[in-house]
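Participant: Take the sequence shown: its letters are residues 0 to 333, numbered as in numbering that gives the first Met the number 0. From the three backbone atoms N, C-alpha and C, an ideal C-beta is built for every residue, glycine too. Predicted model only: the values in this text are computed from it and were never measured. Please see the structure below; I have some questions.
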Amino acid sequence: MSCSTGPLVDAFNRRISYLRLSVTDRCDLRCTYCMPERMQFLPRKEVLSLEELHKLGLAFIERGISKIRLTGGEPLVRRDVMELVRALGRKLGDGLEELTLTTNGTQLAEFADGLAAAGVKRVNVSLDTMDAGLFEQLSRRNRLGDVLQGIAAAREAGLKVKLNTVALKGLNEEEIPYLVEWAHRHGHEMTLIEVMPLGEVDGERVDHYLPLTAIRDRLEARWTLNDNDHRSGGPARYVDIAETGGRLGFITPLTNNFCASCNRIRVTATGQLYACLGGAEKVDLRAALRSEEPDAHLADALDEAMRIKPERHHFRIERGAAPAQPRHMSMTGG
Ligand code: SAM
Ligand code: SF4
């Protein structure tokens with residue numbers, strides 16, 4: 000057994016500095032592109048405890064992870080999540096540069112102040128539509144009002160809110176310019192995302208797959224889009240829109256991939272580290288954490304993750320084809 004302590008660098012010389020940590024696979028919505036109506040959630044004992052999540056976070060910070068994003072499922076449905084936020088928040092300025100989360104926003108109104116007090120500066124909120132009927136159709140729950148209240152509360156608490164919108168053919172397609180305009184008017188950045196083939200859902204995802212190249216063309220006919228070289232170290236590419244005065248990101252895993260600059264890894268709520276969102280390569284951090292010598296086994300597991308991280312994903316979206324990976328986005332947190 001080795002006992003590495005250095006920064007995390009993979010076989011393609013990519014420095015891994017960003018961890019997306021899923022704290023639960025559960026959710027209070029059932030977005031149709033994300034999971035089936037009757038989603039089977041994991042038994043609680045399989046999910047990492049608060050102490051295990053905290054220990055993992057600290058081990059990653061020791062190895063040079065400077066940004067942690069909590070995700071899920073819906074991170075704010077986990078009862079003790081704020082304890083984790085506060086515990087990790089204490090590492091801000093002491094190895095950790097940024098602590099953030101991705102949320103569907105339904106419970107943000109309750110938690111926004113606590114998040115800000117713990118040192119969170121920015122949150123990503125998923126919002127695919129501002130039409131209450133379509134929201135209910137897409138998420139199978141009537142919660143648009145709660146989400147909008149959550150966004151307003153986050154703003155009032157001083158959090159920067161970035162909106163994430165999955166572009167869906169025949170569903171929110173026509174609304175996208177209005178969503179962009181609304182987001183920018185309220186001072187939010189927005190990122191559009193192509194739907195990815197991860198996990199079985201009830202319908203055919205391909206029916207609603209909308210390449211963002213088409214959306215960009217349409218937005219360009221309406222507004223002046225200036226490329227912006229802002230990089231978040233992630234797969235998004237940005238433009239500034241002259242007329243709205245705001246920034247818009249495009250995440251295009253299907254039409255274009257930016258794997259060469261990937262700086263991230265993902266850990267599921269059961270402690271499985273997936274080296275790539277679109278790949279099966281993983282190491283079991285829960286087994287390491289629950290072993291006799293957790294520190295040494297964790298260090299080894301992280302080294303192994305760096306060896307197996309693939310160069311790129313190979314997403315394809317086709318009618319009748321199996322998903323690229325059987326696990327849902329709610330497992331790996333997007
Ligand atoms: N529940 C939280 C939320 O919705 O923001 C966090 C987890 S959710 C899995 C993270 C992001 O993944 C959301 O923005 C969601 O829209 C997106 N997502 C889920 N399934 C997806 C899919 N199959 N393709 C593309 N994006 C997906
Ligand atoms: Fe829940 Fe987020 Fe998946 Fe929607 S996208 S079902 S909010 S985990």
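Rounded to whole angstroms, what's the CA-CA distance from Asp239 to Gly245? Just pull it up for me.
Facilitator: As a working mapping, residue 239 is identified with position 240 in the sequence shown. As a working mapping, residue 245 is identified with position 246 in the sequence shown. The alpha-carbon atoms of Asp239 and Gly245 are separated by roughly 6 Å.
Participant: So, does the segment 52-67 touch the segment 94-114, judging by three or more C-beta pairs under 8 Å?
Facilitator: Yes: the two stretches touch, three or more of their Cβ pairs being nearer than 8 Å.
Participant: Let's test the definition: count the other Cβ atoms within 10 Å of the Cβ of Thr212 and tell me whether it reaches 16, buried, or not, exposed.
Facilitator: As a position in the sequence shown, residue 212 is number 213, starting the count at 1. Exposed, by the Cβ-count rule.
Participant: Would Asn123 pass as a contact of Lys159 if the rule is Cβ separation under 7 Å?
Facilitator: On the sequence shown, position 124 is the one that residue 123 refers to. On the sequence shown, position 160 is the one that residue 159 refers to. No.
Participant: Regarding Cys33 and the ligand SAM, is the C-beta to nearest heavy atom distance less than 6 Å?
Facilitator: For the purposes of this step, residue 33 is taken as the residue at position 34 of the sequence shown. Answer for Cys33: yes, Cβ within range of the ligand SAM.
Participant: Report yes if the CB atom of Leu52 is closer than 7 Å to the CB atom of Glu82, and no otherwise.
Facilitator: Taking the sequence shown and counting its residues from 1, the one referred to as residue 52 is at position 53. Taking the sequence shown and counting its residues from 1, the one referred to as residue 82 is at position 83. The answer is no: Cβ separation not under 7 Å.
Participant: Taking the beta strand (DSSP E) that Tyr273 belongs to, which residues open and close that run?
Facilitator: Reading the sequence shown from its first residue, position 274 is the one you call residue 273. Per DSSP, Tyr273 belongs to the beta strand (DSSP E) from Gln271 to Tyr273.
Participant: Just grab the DSSP bridge partners of Phe249 for me.
Facilitator: As a working mapping, residue 249 is identified with position 250 in the sequence shown. DSSP lists Leu191 and Arg236 as partners of Phe249.
Participant: For the beta strand (DSSP E) containing Ser125, list its first residue and its last residue.
Facilitator: Translated into the one-based positions of the sequence shown, residue 125 becomes position 126. Arg121 to Ser125 is the extent of the beta strand (DSSP E) around Ser125.
Participant: Nearer than 6 Å: is that true of the beta carbon of Gly278 relative to any heavy atom of the ligand SAM?
Facilitator: In the sequence shown, counting from the first residue as 1, residue 278 sits at position 279. Not so, every heavy atom of the ligand SAM lies at least 6 Å from the Cβ.
Participant: Do Phe40 and Arg29 count as a contact pair if the criterion is CB distance below 7 Å?
Facilitator: Taking the first residue of the sequence shown as position 1, residue 29 is located at position 30. Taking the first residue of the sequence shown as position 1, residue 40 is located at position 41. No, Cβ-Cβ distance for Arg29 and Phe40 is not below 7 Å.
Participant: Provide the residue span of the alpha helix (DSSP H) that contains Ala259, from first to last.
Facilitator: Here residue 259 refers to the residue found at position 260 when the sequence shown is read from its first residue. From DSSP, Ala259 is part of no alpha helix (DSSP H); its letter is neither H nor E.
Participant: Three or more beta-carbon pairs under 8 Å between the segment 276-295 and the segment 68-75, yes or no?
Facilitator: Touching, no, given that fewer than three Cβ pairs across the two stretches are closer than 8 Å.
Participant: Counting pairs of beta carbons, one from the segment 196-212 and one from the segment 137-144, are three or more of them closer than 8 Å?
Facilitator: In short, these stretches do not touch, since the Cβ pair count stays below three.
Participant: Kindly examine the ligand SAM and report whether one of its heavy atoms sits closer than 6 Å to the Cβ of Ser138.
Facilitator: As a working note, residue 138 is residue 139 in the sequence shown. No - the ligand SAM has no heavy atom lying nearer than 6 Å to the Cβ of Ser138.
Participant: DSSP on Glu97, reduced to helix/strand/coil?
Facilitator: In the sequence shown, counting from the first residue as 1, residue 97 sits at position 98. DSSP places Glu97 in strand when its eight states are reduced to three.
Participant: Hey, could you find the ends of the beta strand (DSSP E) Arg68 is sitting in?
Facilitator: Translated into the one-based positions of the sequence shown, residue 68 becomes position 69. It spans Lys66 to Thr70 - the beta strand (DSSP E) in which Arg68 sits, taken as one unbroken run.
Participant: Given this structure, state the Cα-to-Cα distance separating Asp108 from Val76, to the nearest angstrom.
Facilitator: Counted from its first residue, the sequence shown places residue 108 at position 109. Counted from its first residue, the sequence shown places residue 76 at position 77. Asp is not the amino acid found at residue 108; the sequence shown has Ala there. Ala108 and Val76: Cα-Cα distance of roughly 13 Å.
Participant: At which residues does the beta strand (DSSP E) containing Leu18 begin and terminate?
Facilitator: Locating residue 18 in the sequence shown gives position 19, counting from the first residue. Run containing Leu18: Tyr17 to Ser21, per the beta strand (DSSP E) assignment.
Participant: Could you pull out every residue in the same chain whose Cβ sits closer than 7 Å to the Cβ of Ala58, ignoring the five residues on either side in sequence?
Facilitator: Sequence index remark: in the sequence shown, residue 58 carries index 59 (1-based). Closer than 7 Å at Cβ, skipping near neighbours: Leu297.
Participant: Does the Cβ of Phe249 have 16 or more other Cβ atoms within 10 Å, making it buried, or fewer, making it exposed?
Facilitator: Position 250 of the sequence shown holds residue 249. Classification of Phe249: buried, given that the 10 Å Cβ count is 16 or more.
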